[in-house]
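Residue 53 in UniProt numbering is what sits at position 53 of the sequence shown, and the numbering runs on without skipping anything.
Even for Gly, the Cβ is constructed at its ideal location relative to N, Cα and C.
Predicted, not measured: the structure shown is a model, and the values here were computed from it.
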Amino acid sequence: MARGSKNEVTEDSKRIIDVCRQLLKNSGITIDEFFDSSGLSNNYWYKRMRYEAPLNTSDVEHIASTFGLTSLDIYTRALGSDAARAYAAREREFQVTDDLVDRIAAHPENFDVAASKDPNKALEAETTRD
Numbered sequence: 001m002a003r004g005s006k007n008e009v010t011e012d013s014k015r016i017i018d019v020c021r022q023l024l025k026n027s028g029i030t031i032d033e034f035f036d037s038s039g040l041s042n043n044y045w046y047k048r049m050r051y052e053a054p055l056n057t058s059d060v061e062h063i064a065s066t067f068g069l070t071s072l073d074i075y076t077r078a079l080g081s082d083a084a085r086a087y088a089a090r091e092r093e094f095q096v097t098d099d100l101v102d103r104i105a106a107h108p109e110n111f112d113v114a115a116s117k118d119p120n121k122a123l124e125a126e127t128t129r130d
């Protein structure tokens, strides 16, 4: 027969807490907005951020919905899977692409290729190749 929980913070619990902490940090919402949206109290949240108690499944679900995610998204990010690693890789790839596009858009003159500045390009385009 199962007994009551020890309220133990395991290594997996710490990883889940860390993912939730990172979501809040990266979200740009204020702590008060987070508390309003998630339904968690200040004391409750910070007790868990200090690893004094674990988040329960309902807490994770409320936190996830605050950031437009599911609890499975949080568990997968925290506990890892092939899918989570693939997702993280895609996010990094998109960030690199976005950064490059932003750089090019800010200074397109630095990214011209020689062929686009060639004064003879129109003539060369009409020249047949034998």
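Since residue i contacts residue j with CB under 8 Å, what's their CB separation in whole angstroms?
i   : j   : result
L79 : R15 : 6 Å
R77 : V19 : 5 Å
T66 : S38 : 5 Å
Measuring only the C-alpha atoms, how far is residue i from residue j?
i    : j    : result
I31  : E109 : 43 Å
S58  : D82  : 25 Å
L123 : I104 : 28 Å
Q22  : H107 : 33 Å
I63  : M49  : 13 Å
E61  : S71  : 5 Å
T128 : V96  : 40 Å
D118 : L100 : 25 Å
L55  : D36  : 17 Å
I74  : K6   : 23 Å
R90  : W45  : 30 Å
A43  : S27  : The sequence given here places Asn at residue 43; Ala does not occur at that position. Rounded to the nearest angstrom, the two C-alpha atoms are 21 Å apart.
D98  : R92  : 10 Å
A86  : E126 : 47 Å
A88  : D102 : 21 Å
F94  : I29  : 23 Å
Give every residue of the same chain whose Cβ lies closer than 6 Å to the Cβ of residue i, excluding the five residues on either side of it in the sequence, and list them in chain order.
i   : result
K47 : A53
L24 : F34
Using C-beta distances below 8 Å, list every residue in its chain close to residue i, excluding the 5 sequence neighbours before and after it, in chain order.
i    : result
N120 : none
D12  : A78 and L79
I17  : V9, R48, M49, Y51, P54 and L55
Sequence ranges, beta strand (DSSP E) only - wholly within the segment 86 to 125, length at least 3: none
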